[in-house]
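Undergrad:
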Amino acid sequence: LGLAVCAVSGAAFLYHDYCVIGAGPAGLQVAYFLQQARRDYIVFERSHAPGSFFALYPRHRKLISINKQYTGKSNSEFNLRHDWNSLLSHDRRLLFRRYSRDFFPHADTMVRYLEDFASLLELRVQYNTAIIHVTLERNGQAWNGHYFLLTDQDRKNYKCSSLLVATGTWVPNVVNFPGSEYVEGYETVSINPEDFAGQTVLILGRGNSAFETAENILGVTNFIHMVSRSRVRLSWATHYVGDLRAINNGLLDTYQLKSLDGLLEGDLEDLAIVKDKKGKLHITLRFYLENRNISAGIDSITLPQDELDNFATRAPYDRVIRCLGWKFDFSIYNRSLRMMPGKGSIKKYPQIKPNYESRGTRGLFVLGTASHSVDFRKSAGGFIHGFRYTTRAVHRLLENRHHGVPWPSTVYPITQLTNSIIKRVNEASGLYQMFSVLADIILLRENATAFEYLEEYPIGVLAELEMQTGRKAPNGLFVIIMEYGRNFSGADKDVFYYNRAVGEAQHAWQSNFLHPVIYYYKRLPTEREMKLRPPEWPLPRPDAIHHIVEDFLTDWTAPNAHILPLRRFLENCLSTDLRSFFAESCFLLAFTRQKLPPFCQQGYVRMQGLMGSEELRRHAVQAGLLQDYSLTDFSDDRPSDSHDRSRDQLLRDQVIPIRPLQHLVNAKDE
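Heads up, the sequence shown is in our numbering, so the first residue is 71 and it goes up one at a time.
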């Protein structure tokens, strides 16, 4: 694609339709989709190679994203459910399992993988380009009413119609308190365990980086204390992969099994650190220092143990390490963009809408880890195995908005409704990874004769579906998502209690583990209904809802437990018969019913359908789906064991026996 150059106020701007800031996993993923669509784009990366974050982090170099080599399945879409590192592409060489066999891979492998992803796919990445300032230029001719103007470290200027921010969260979280200058940061602390031999260590933080640091030095320290304002949250209890993972939780063992290490809760901003003449670090509380000069020396400062002689952190520490995670870098954005931090627990992320667009500026989308405010602590949108799908969703939204390309969809006859849902809930990786966030949408055609299937649409903007996708929904819709049980997940939950699993279809609504849920709406929900939905519900109250019972193997193909209840639910919603029939059954129904089932209307009447071979006929008889005419004596001169002659006799005499009709109809449900 040609490069446009324009001049504004004497400054030259290199123009692209799309500018992407950051060549990490999210930046490369959106670059791939833009390139596949043949769009004009450029990716700016401040480092000399993609994935610079992984060149440093995690410090101890072991990723906690799983890389499952074997699943027992050859279906590539299903296998992505258990591959948390690969980006989406058409190139089978770029599956992460081809780069590492480790279940928890080395971070250097991720760097090499991202380098290959960018080079093999020939993505347009401009390295060694740090964007230091972003502002707006109002222009009524622009896609969004303005252009984005970017300036790099060399004062080169760029101009684009849409800005995609994929910089992640890389600015360390720092808490300032008296004595915080004595604290070492996770980003610079030594990773050599021998440097901590015989030392007493205090770690500030309670996430995976804190426990990763503790795990590295657990065997050489005197003891380790860990302090944070919140209690420890275990990922197996919360079902949130960003919480503490089992691979890092050795400190919990040594704490609970009385081996000196321990966890404490407290507000870090209330702390203070005082250094004595021997270089030891003493923990005190801020209010003890309010009227004291910290530089006057420890002898003149009141410590908590002076009043409470069993104060928990009365022992001095050799080192204090800060492991408090990261936050988004807001510094490069001009005030005109109104890039504001979120509130409360999501203040480290920029404010964005459920379609990942900035709340302050149209045309500015946030991708990757920095977009995690949409599903923080709810789903996997902050991690590669989640945002690879949300990035694809954003690209599809942009294709519709700027290029008139509707959201991809497939139209099927209504007879394929049950099969389509069963196939997707058993294979789809986007639904599985981004549970309660991305949904498959089924748009019904008039009279429910057919349906249109849209995959992995963000349910937060369900009310805007027609505008965002270019698809119409005048006749009702089904929404298919994956959910955990309402009260199953939480830091204080026991997820291993007896009878925790539901096995019977009639109790499917009480399922605890991840399972498919189908919502039926007679019309598209409104924006107001989305805002007033029940607490903890991903969607407004539907006209009907169906839970497919949880399955220990996550294999929802059991005829009685999974498929039959689903089909009956769909039939009740549509007031139709979704069963499949043999041609003989359709033939007889044409004579005995005023209205044929859709399967017969769309198949048999159009000279389509499954003709009964001898093997199929025998199977149908054994299953009770067809009457065995070979055992029925319709005429004295016909041998009872000749099926072909009995059929010929029926046709010759033009007589259809009345008694066996009810047995000819497919009777799976009876």
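Note that the Cβ used here is the ideal one computed from N, Cα and C, for glycine as well.
Which same chain residues end up closer than 7 Å to Trp-213 when comparing Cβ atoms and leaving out the 5 residues on each side of it in sequence?
TA: If you number the sequence shown from 1, residue 213 lands on position 143. If we look at Trp-213 and ignore the five residues flanking it on each side, its Cβ neighbours are Ser-231, Ser-232, Gly-433 and His-472.
Undergrad: Check whether the Cβ atoms of Asn-545 and Glu-526 sit closer than 8 Å, and answer yes or no.
TA: What you label residue 545 is simply residue 475 of the sequence shown in a count that begins at 1. What you label residue 526 is simply residue 456 of the sequence shown in a count that begins at 1. Not closer than 8 Å, so no.
Undergrad: Below 8 Å between beta carbons: does that hold for Ala-267 and Leu-334?
TA: The residue labelled residue 267 in the question sits at position 197 within the sequence shown. The residue labelled residue 334 in the question sits at position 264 within the sequence shown. No.
Undergrad: Evaluate Ala-690 with the Cβ neighbour count: other Cβ atoms within 10 Å of its Cβ, from every protein chain shown; 16 or more gives buried, anything less gives exposed.
TA: Along the sequence shown, one-based indexing puts residue 690 at 620. The residue is buried, with at least 16 neighbouring Cβ atoms inside 10 Å.
Undergrad: So what's Asp-323 in DSSP terms, helix, strand or just coil?
TA: Along the sequence shown, read from residue 1 onward, the residue named residue 323 stands at position 253. Correct three-state label for Asp-323: helix.
Undergrad: Relative to the alpha-carbon of Cys-670, which residue among Ala-463, Lys-138, Gln-486 and Gln-223 has its alpha-carbon at the smallest distance?
TA: Walking along the sequence shown from the start, residue 670 turns up at place 600. Of the candidates Ala-463, Lys-138, Gln-486 and Gln-223, the one whose C-alpha sits nearest the C-alpha of Cys-670 is Gln-486.
Undergrad: Skipping 5 residues on each side, what residues in its chain have a beta carbon closer than 6 Å to that of Arg-717?
TA: Within the sequence shown, the letter at position 647 stands for residue 717. Confidence at Arg-717 is low in this model, with a pLDDT of 47, below 50, so the placement of that residue should be treated as unreliable; the coordinate-derived value is given next. Closer than 6 Å at the Cβ level, and outside the excluded window around Arg-717, lies no residue.
Undergrad: Cα-Cα, which of Phe-174, Thr-460, Gly-555 and Glu-641 is closest to Ala-307?
TA: The residue given as residue 307 occupies position 237 in the sequence shown. Considering only alpha carbons, the answer is Gly-555.
Undergrad: Please return the same chain residues whose Cβ sits closer than 7 Å to the Cβ of Asp-313, not counting the five positions on each side in sequence.
TA: The residue labelled residue 313 in the question sits at position 243 within the sequence shown. If we look at Asp-313 and ignore the five residues flanking it on each side, its Cβ neighbours are Arg-303, Leu-304 and Ser-305.
Undergrad: Mapping the DSSP letters down to three states, classify Pro-629 as helix, strand or coil.
TA: As a first step, residue 629 is located in the sequence shown; it is residue number 559 there, counting from the start. DSSP places Pro-629 in helix when its eight states are reduced to three.
Undergrad: Have a look at Gln-106 and Glu-257 and give me their C-alpha separation to the nearest angstrom.
TA: Position 36 of the sequence shown, counted from the start, is the residue given in the question as residue 106. Position 187 of the sequence shown, counted from the start, is the residue given in the question as residue 257. Roughly 37 Å separates the two Cα atoms.
Undergrad: My assumption, with CB atoms under 8 Å, is that Leu-274 sits in contact with Ile-391. Please give the rounded CB distance.
TA: For the purposes of this step, residue 274 is taken as the residue at position 204 of the sequence shown. For the purposes of this step, residue 391 is taken as the residue at position 321 of the sequence shown. The pair is a contact, with the Cβ atoms about 7 Å apart (cut-off 8 Å).
Undergrad: Give the C-beta separation of Ile-136 and Phe-173 to the nearest angstrom, bearing in mind that I take them to be a contact with Cβ-Cβ under 8 Å.
TA: Against the sequence shown, residue 136 aligns to sequence position 66. Against the sequence shown, residue 173 aligns to sequence position 103. That pair is a contact at about 6 Å.
Undergrad: Closest to Leu-184 by C-alpha separation, out of Cys-89, Arg-108, Asp-224 and Pro-95, would be which residue?
TA: As a position in the sequence shown, residue 184 is number 114, starting the count at 1. Among Cys-89, Arg-108, Asp-224 and Pro-95, the Cα nearest to that of Leu-184 is on Pro-95.
Undergrad: Using the DSSP secondary-structure output, state which residues sit across from Phe-457 in a beta bridge.
TA: Residue mapping note: residue 457 aligns to position 387 of the sequence shown, counting from 1. Phe-457 pairs with nothing; no bridge assigned.
Undergrad: Can you find the residues in the same chain that come closer than 7 Å, C-beta to C-beta, to Gly-560, ignoring five residues on each side of it along the sequence?
TA: For the purposes of this step, residue 560 is identified with residue 490 of the sequence shown, where counting begins at 1. Excluding sequence neighbours, Gly-560 sits near Ala-307 and Thr-308.
Undergrad: Rank Asp-625, Thr-270 and Cys-89 by C-alpha distance to the C-alpha of Lys-350 and give the top, closest one.
TA: Residue numbering aside, residue 350 sits at position 280 when the sequence shown is read from its first letter. Taking only the C-alpha atoms, the option nearest Lys-350 is Thr-270.
Undergrad: May I ask which residues mark the beginning and end of the alpha helix (DSSP H) holding Glu-599?
TA: For this step, residue 599 is matched to residue 529 along the sequence shown. Glu-599 -> alpha helix (DSSP H) spans 597-601.
Undergrad: Is the distance from the Cβ of His-585 to the Cβ of Ile-550 below 8 Å?
TA: Your numbering for residue 585 matches position 515 in the sequence shown. Your numbering for residue 550 matches position 480 in the sequence shown. Cβ distance not < 8 Å, so His-585 and Ile-550 don't count as in contact.
Undergrad: What are the boundary residues of the beta strand (DSSP E) that Val-204 is part of?
TA: For the purposes of this step, residue 204 is identified with residue 134 of the sequence shown, where counting begins at 1. Run containing Val-204: 201-208, per the beta strand (DSSP E) assignment.
Undergrad: Residues in its own chain within less than 7 Å of Asn-470 by CB, not counting five upstream and five downstream?
TA: One-based indexing of the sequence shown puts residue 470 at position 400. Cβ within range, chain order: Pro-476, Trp-477, Gln-538, Thr-539 and Gly-540.
Undergrad: Threshold first: 4 residues or longer. Then list the alpha helix (DSSP H) segments lying entirely within the stretch 261-321, N to C.
TA: Taking only runs of at least 4 residues, the alpha helix (DSSP H) segments lying wholly in the stretch 261-321 are 278-287 and 305-308.
Undergrad: Locate the alpha helix (DSSP H) running through Glu-497, then write down its first and last residues.
TA: Indexing the sequence shown from 1 puts residue 497 at position 427. Run containing Glu-497: 487-497, per the alpha helix (DSSP H) assignment.
Undergrad: Between the stretch 614-629 and the stretch 574-593, are three or more C-beta pairs nearer than 8 Å?
TA: As far as the Cβ criterion goes, the stretch 614-629 touches the stretch 574-593, which means the pair count is three or higher.
Undergrad: Just mark Ile-343 as buried or exposed, buried being the case when its beta carbon has 16 or more other beta carbons within 10 Å.
TA: By one-based count along the sequence shown, residue 343 stands at place 273. When all chains shown are included, Ile-343 counts as buried.
Undergrad: Using 10 angstroms around the beta-carbon of Thr-596, count the other beta-carbons present and answer buried if the total reaches 16, otherwise exposed.
TA: The sequence position of residue 596 within the sequence shown is 526, counting from 1. It counts as exposed.
Undergrad: Assuming Leu-164 and Arg-458 make a contact with CB atoms under 8 Å, what is their CB distance in whole Å?
TA: The residue given as residue 164 occupies position 94 in the sequence shown. The residue given as residue 458 occupies position 388 in the sequence shown. In fact, because the Cβ distance is near 12 Å, the residues do not count as touching under 8 Å.
Undergrad: Work out the CA separation of Asp-161 and Cys-89 for me, nearest whole Å.
TA: Along the sequence shown, one-based indexing puts residue 89 at 19. Along the sequence shown, one-based indexing puts residue 161 at 91. Answer to the nearest angstrom: the Cα atoms are 24 Å apart.
Undergrad: State the beta-bridge partners of Thr-646 as determined by DSSP.
TA: Here residue 646 refers to the residue found at position 576 of the sequence shown. Answer by DSSP bridge pairing: none, since Thr-646 is not bridged.
Undergrad: Can you find the residues in the same chain that come closer than 8 Å, C-beta to C-beta, to Phe-148, ignoring five residues on each side of it along the sequence?
TA: By 1-based counting over the sequence shown, the position of residue 148 is 78. Correct list, in chain order: Thr-141, Asn-496, Glu-497 and Ser-499.
Undergrad: Taking the alpha helix (DSSP H) that Thr-662 falls in, what are its first and last residues?
TA: Start at 1 with the first residue of the sequence shown, and residue 662 comes out as number 592. Note, Thr-662: alpha helix (DSSP H), 653-662.
Undergrad: Using a threshold of 8 Å, state whether the C-beta atoms of Leu-355 and Leu-378 are closer than that.
TA: Taking the sequence shown and counting its residues from 1, one reaches residue 355 at position 285. Taking the sequence shown and counting its residues from 1, one reaches residue 378 at position 308. The answer is no: Cβ separation not under 8 Å.
Undergrad: Are the stretch 244-258 and the stretch 106-117 in contact at 8 Å, needing three or more beta carbon pairs?
TA: No, the stretch 244-258 does not touch the stretch 106-117.
Undergrad: At the level of alpha carbons, what is the spacing between Ala-125 and Thr-239?
TA: Counting from one through the sequence shown, the residue named residue 125 turns up at place 55. Counting from one through the sequence shown, the residue named residue 239 turns up at place 169. Going from the Cα of Ala-125 to the Cα of Thr-239 covers about 15 Å.
Undergrad: Would the C-beta of Cys-393 count as close to the ligand SAH, meaning under 7 Å from any of its heavy atoms?
TA: By its list of ligands, the structure shown contains no ligand whatsoever, and the ligand SAH lies outside what it can speak to.
Undergrad: CB-CB under 7 Å to Gln-99, same chain, minus the five flanking residues each way: which ones, in chain order?
TA: Numbered from 1 along the sequence shown, position 29 holds the residue referred to as residue 99. Within the same chain, Gln-99 has close Cβ partners Leu-157, Leu-158, Arg-458 and Thr-461.
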